[in-house]
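Trainee: First residue of the sequence shown? That's -10 in the numbering used here, and the numbers climb one at a time after it.
No residue lacks a Cβ here, since even glycine has one placed at the ideal position from N, Cα and C.
I'd like to ask some things about the structure below.
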Amino acid sequence: MNSGKFWMLLLIICLGLVGCGGPGAHQMAPQQIAAQVDSKSKQSQQLQEQLLKQMAMTAAIRDYRDYKVGSEDMLAITCLGTDKLNTEARVNGQGEISLMLVGPVKVEGLTATEIEKKLAQLYQEGDYLRNPQITVAVKEFRHQKVAVTGAVNKPDTYTLIGPRTLLEVLGMAGGLTNNAGEVAHVVRPYKGKETSKEGMTRQSFTPGTETIMVDLNRALIKGDPGVNIAIRSGDVVHVPFAHLAYVLGAVARPGEVPIKNNMTVTKAVAQAGGQHIILSSNNASILRMDENGQRQTIPVNLASITKGTEPDIPLKENDIVFVQESGARRFFFDFKFFMPGNVGMGIPGLI
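Written out as structure tokens, the structure is:
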């Protein structure tokens, strides 16, 4: 046997061993991947909980008494014991209101409490009233601030002119990103028990605040006006990123897929670019966490699902879909790759 044939035979034997080695010879074992996913999931959950608590704390200290008045706001002014001075006044474009006796008063940028003190001082210094007791309330908010965070295209703090709904505010923030979840959180100071409608739940993460969780599918797809709630000044609107599953193994683009729109095994594989055109077998498995925190393996046959002889399994958060390689296909693929004249010549996108 000449040396050329000897080395070719040795190469074929080595490639055969590689091909028989299964997926583990070319990629990380599913159990190792599962451990990494579980660690990442715990960190993500802790960050999400911390974020909600932080937003609730922000909303707790932000109340309508802290709202800074702006143009087009309507103020209701009450003077105890002097009904003639009771009035409603709209803030003009110069940030002023006009009142009996004292004339124009600059109120833009002040809170209701600060306006009360300013008016009391003006009436007292002008000898119009002795020890005036004045109350100011914002009757109509035309100059509102709301923060929009999370899975939106333009997270920021926005100024609202006039009343706005949840969907309008999300539109101002550029709409939802592709990996947005299916629920929006509206965090605001607690103002007393309110009735929750279908598609909407309320929860308190810190004293003095409430978080309203709105089903975005119900608001956007079904167009239910009951869950398209009015946004108040000082609200924090947060859209969490979607829960994730992972598609790995013999697919075109291994990685994360968001769990939304009834995500199933075949949808997830399709979103990952489909099965590898050469290396993929029809066998796959779902690694899923059970109630005891242990990963269970659910076998899946992709061809049977496509034919309709097996159900397409809905995915859950942190599921790992592992599409297995065909050992024989891997062998012949590697063999062709290392044939004389093909060494170093890969097929783009297939490895």
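Could you check if ARG51 is buried or exposed, using at least 16 other CB atoms within 10 Å of its CB as the buried criterion?
Mentor: In this prediction, ARG51 has a pLDDT of 45, which is less than 50 and means its spatial position is unreliable; nothing more can be read from the coordinates.
Trainee: Along the chain, where does the beta strand (DSSP E) that runs through GLU114 open and close?
Mentor: Where GLU114 is concerned, there is no enclosing beta strand (DSSP E), although the alpha helix (DSSP H) it sits in stretches over 101 to 114.
Trainee: Is it the case that the region 134 to 144 contacts the region 71 to 90, given that we only count it when at least three CB pairs across the two stretches are under 8 Å?
Mentor: Flag = no, the region 71 to 90 and the region 134 to 144 do not touch.
Trainee: Looking only at DSSP bridge pairs, what is LEU64 linked to?
Mentor: Per DSSP, ALA78 and VAL127.
Trainee: Looking at C-beta atoms only, is the number of pairs between the region 211 to 229 and the region 270 to 290 that lie closer than 8 Å three or more?
Mentor: Touching, no, given that fewer than three Cβ pairs across the two stretches are closer than 8 Å.
Trainee: Short of 6 Å in beta carbon distance, which residues of its chain neighbour ILE218, apart from the five on each side in sequence? Order them along the chain.
Mentor: Taken in chain order, the residues that qualify are LEU155.
Trainee: VAL236 and PRO247: beta carbons closer than 8 Å?
Mentor: Cβ atoms of VAL236 and PRO247: not closer than 8 Å.
Trainee: Look at the alpha carbon of ARG221 and the alpha carbon of GLU187, and state the distance between them as a whole number of angstroms.
Mentor: The alpha-carbon atoms of ARG221 and GLU187 are separated by roughly 21 Å.
Trainee: Rounded to a whole number of angstroms, what is the C-alpha to C-alpha distance between TYR288 and ALA136?
Mentor: The sequence as given places Pro at residue 288; Tyr does not occur at that position. Rounded to the nearest angstrom, the two C-alpha atoms are 45 Å apart.
Trainee: Roughly how many angstroms separate the alpha carbons of LEU291 and SER270, rounded to a whole number?
Mentor: Between LEU291 and SER270, the C-alpha separation is close to 9 Å.
Trainee: Go through its chain and collect everything with a Cβ distance to LEU165's Cβ below 8 Å, but skip five positions before and after it.
Mentor: These residues qualify, in order along the chain: ALA140, VAL141, ASN142, LEU159, LEU205 and VAL228.
Trainee: Is it buried or exposed, THR200, if we count other Cβ atoms within 10 angstroms and call 16 or more buried?
Mentor: Flag for THR200 reads buried.
Trainee: So what does DSSP say about ILE294, is it helix, strand or coil?
Mentor: Residue state, collapsed to three classes: helix.
Trainee: According to DSSP, is ARG207 part of a helix, a strand, or is it coil?
Mentor: Three-state result, ARG207: helix.
Trainee: Use the C-beta contact count for THR198: other C-beta atoms within 10 angstroms, 16 or more gives buried, fewer gives exposed.
Mentor: Classification of THR198: buried, given that the 10 Å Cβ count is 16 or more.
Trainee: Consult DSSP for GLU157 and reduce its assignment to one of helix, strand or coil.
Mentor: In the structure shown, GLU157 sits in a helix (DSSP, three-state: H, G or I).
Trainee: With DSSP run on the structure shown, which of helix, strand or coil describes GLY163?
Mentor: In the structure shown, GLY163 sits in coil (DSSP, three-state: anything other than H, G, I, E or B).
Trainee: Measure the C-alpha to C-alpha separation of VAL58 and ILE104 and round it to an integer number of angstroms.
Mentor: If I take the Cα positions, the gap works out to 9 Å.
Trainee: At which residues does the alpha helix (DSSP H) containing VAL254 begin and terminate?
Mentor: That run of the alpha helix (DSSP H) goes 254 to 260.
Trainee: Between the alpha carbons of ILE275 and ALA162, how many angstroms are there, rounded?
Mentor: Cα-Cα distance, rounded: 36 Å.
Trainee: Would you kindly check if the distance between the Cβ of THR148 and the Cβ of LYS134 is under 8 Å?
Mentor: In contact: LYS134 and THR148 (Cβ atoms closer than 8 Å).
Trainee: Does the separation of the CB atoms of ASP224 and VAL172 fall below 8 Å?
Mentor: Not in contact: ASP224 and VAL172 (Cβ atoms no closer than 8 Å).
Trainee: Going by the beta-carbon positions, is the gap between VAL240 and GLY262 smaller than 8 Å?
Mentor: Yes, the Cβ-Cβ distance between VAL240 and GLY262 is below 8 Å.
Trainee: Based on Cα-Cα distance, which residue from MET278, HIS174, SER293 and VAL312 lies nearest to GLU306?
Mentor: When only C-alpha atoms are compared, the closest one is MET278.
Trainee: Rounded to whole angstroms, what is the Cα-Cα separation between GLY400 and GLY92?
Mentor: Outside the shown range of the chain, which is -10 to 340, sits residue 400, and nothing can be said about it.
Trainee: With a Cβ-Cβ cutoff of 8 Å, do ASN272 and ALA231 count as a contact?
Mentor: Not a contact, by the Cβ cut-off of 8 Å.
Trainee: For the beta strand (DSSP E) that contains ALA133, what are its first and last residues?
Mentor: For clarity, residue 133 is Gln in the given sequence; the question names Ala instead. Where GLN133 is concerned, the enclosing beta strand (DSSP E) stretches over 133 to 139.
Trainee: Tell me which residue opens and which closes the beta strand (DSSP E) that MET89 is part of.
Mentor: Unbroken run through MET89: none, as it is neither H nor E.
Trainee: The beta strand (DSSP E) that contains ALA273, what's its start and end?
Mentor: 269 to 278 is the span of the beta strand (DSSP E), which, as asked, contains ALA273.
Trainee: Please look up how many angstroms separate the CB atoms of LEU304 and ALA259, rounded, as I've assumed it's under 8 Å.
Mentor: The Cβ separation is near 13 Å, so there is no contact.
Trainee: Mark ARG119 as exposed unless 16 or more other C-beta atoms lie within 10 angstroms of its C-beta, in which case mark it buried.
Mentor: Answer is exposed; the Cβ neighbour count stays below 16.
Trainee: Would you call PRO178 buried or exposed, if buried means 16 or more other Cβ atoms sit within 10 Å of its Cβ?
Mentor: Buried.
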